[in-house]
Amino acid sequence: MKDNTKDLMIIAGPCTVESYDRLYATAYKLKEMGIKYLRSGAYKMRSRHNSFQGLKDEGVEILSRVGKELGLRTVSEITRLDKIEYMAKRVDILVVGTRSMNNYPLLEALGIIHNPVILKRGFAASYTEWHASSEYITKSGKTNVILCERGIRTFEPQTRYTLDMSAIPVMQQNYNMPIIIDPSHASGKRELVAPLSKAAIACGANGLMIECDLDPDSCVCDAKQTIAPEVLQDILSFIKRVKEAENGK
Ligand code: PEP
Ligand code: MN
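This is the structure we're talking about:
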């Protein structure tokens, strides 16, 4: 069957790298499902200092090895200026997390690497502020920068954050930048990930970044918002149907 999702950037994988065996098992399944981009965190920016902070360099090495072995492009968060060179050599796409959107020295330094950079929206940042941050990366002439809406802080406590769907057309139309959606961190709830993903695709998002693991309940980090591969398969089938309808098939 023709893969109609191929022009969308669909990134999936566990919140954080826990071990080689575990990441490999999930990544193998994702590859079988046609996923091309594997996400996982090695340097975690946790709100609490005593939460698991990631495997750091060891996590990067594991992600890089699994990506190479399975032919998947790797995606991981960069949190520190002094790790840019190291990570850029081992990870295909670097992510600036929500808490680093205003780390201007980090953004400036990312402007001079070749890897694509995903810039997540600060959870309390306006569109203008978000775009201004992106300009710290692009002022060097860099063009491969992708925005990621991951939910903003509102008065609503039932979801972890509030997914701002308007960001999709606004950032595309006003700034001509591609934007992907992270429904996992936005909602904090795995039962909301499929509906929000489908809405984002219908709204014209350029891709999705989703936390997915073979055994979501046992994830050390963000278990409640992590979906099983079957749920991801449902999202991929929806995308395929939308793309076929758009192409008049
Ligand atoms: C993540 O994607 O692993 C992450 C921590 O996301 P955010 O920076 O949006 O909280
Ligand atoms: Mn996470």
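Using my numbering, you'd call the opening residue of the sequence shown number -16 and step up by one each time.
Every residue, glycine too, gets a C-beta built ideally from N, C-alpha and C.
Note that the structure is a prediction, hence the values are computed from the model and not measured.
For residue i, tell me which candidate among the options has the shortest Cα-Cα distance.
i	options	result
D4	P161, Y20, N189 and R48	R48
K72	S83, M84 and V58	V58
Y20	M84, I163, A92 and D205	I163
I67	C204, L90, T81 and R82	L90
I184	K172, P152 and G171	P152
V203	L(-9), M28 and G37	G37
D165	L197, I101 and Y158	I101
G124	V79, S83 and I96	I96
Can residue i be considered in contact with the ligand PEP, in the sense that its beta carbon sits closer than 7 Å to one or more heavy atoms?
i	result
R136	no
L32	Looking at the sequence itself, residue 32 is His, so the reference to Leu does not match. No, the beta carbon of H32 sits no closer than 7 Å to any heavy atom of the ligand PEP.
C202	no
C(-2)	yes
M28	yes
K271	This structure gives no information on residue 271, because the portion of the chain shown stretches from -16 to 232.
T81	yes
E60	yes
Report all residues from its chain with a CB closer than 7 Å to the CB of residue i; omit the five preceding and five following residues, and keep chain order.
i	result
I218	A177, S180 and K181
A240	Beyond the ends of the chain as shown, which are -16 and 232, falls residue 240; an answer cannot be given.
Ignore the nearest five residues each way along the sequence and tell me which others in residue i's own chain have a CB closer than 8 Å to its CB.
i	result
K39	A25 and Y26
L13	A(-5), G(-4), L21, L55, C195, P212 and L215
I(-7)	I18, K19, Y20, G190, L191, I193, L219 and I222
N10	The sequence given here places Ala at residue 10; Asn does not occur at that position. G(-4), L21, V49, G50, L53 and L55.
How many angstroms separate the CA atom of residue i from the CA atom of residue j?
i	j	result
L46	M192	16 Å
E15	F35	30 Å
C186	A150	10 Å
E41	R136	32 Å
Y7	Y69	22 Å
E139	D147	13 Å
T111	F221	32 Å
K223	N230	11 Å
A188	E1	30 Å
K103	K232	34 Å
K172	C(-2)	14 Å
Quick check: residue i and residue j, are their CB atoms within less than 8 Å of each other?
i	j	result
L64	A108	no
E194	Q208	yes
R133	T81	yes
G105	N85	yes
I76	G94	no
V128	S116	no
T142	L175	yes
Who are the near neighbours of residue i in its chain, counting only those whose CB is closer than 6 Å to its CB and skipping five residues on each side?
i	result
M154	L130, M160 and I162
V74	T57 and S59
State yes or no: is the C-beta of residue i nearer than 7 Å to some heavy atom of the ligand MN?
i	result
H168	yes
D205	yes
E194	yes
When you compare the CB of residue i with every CB in chain B, is at least one pair closer than 8 Å?
i	result
V214	Among the protein chains of the structure shown there is no chain B, as only one such chain exists.
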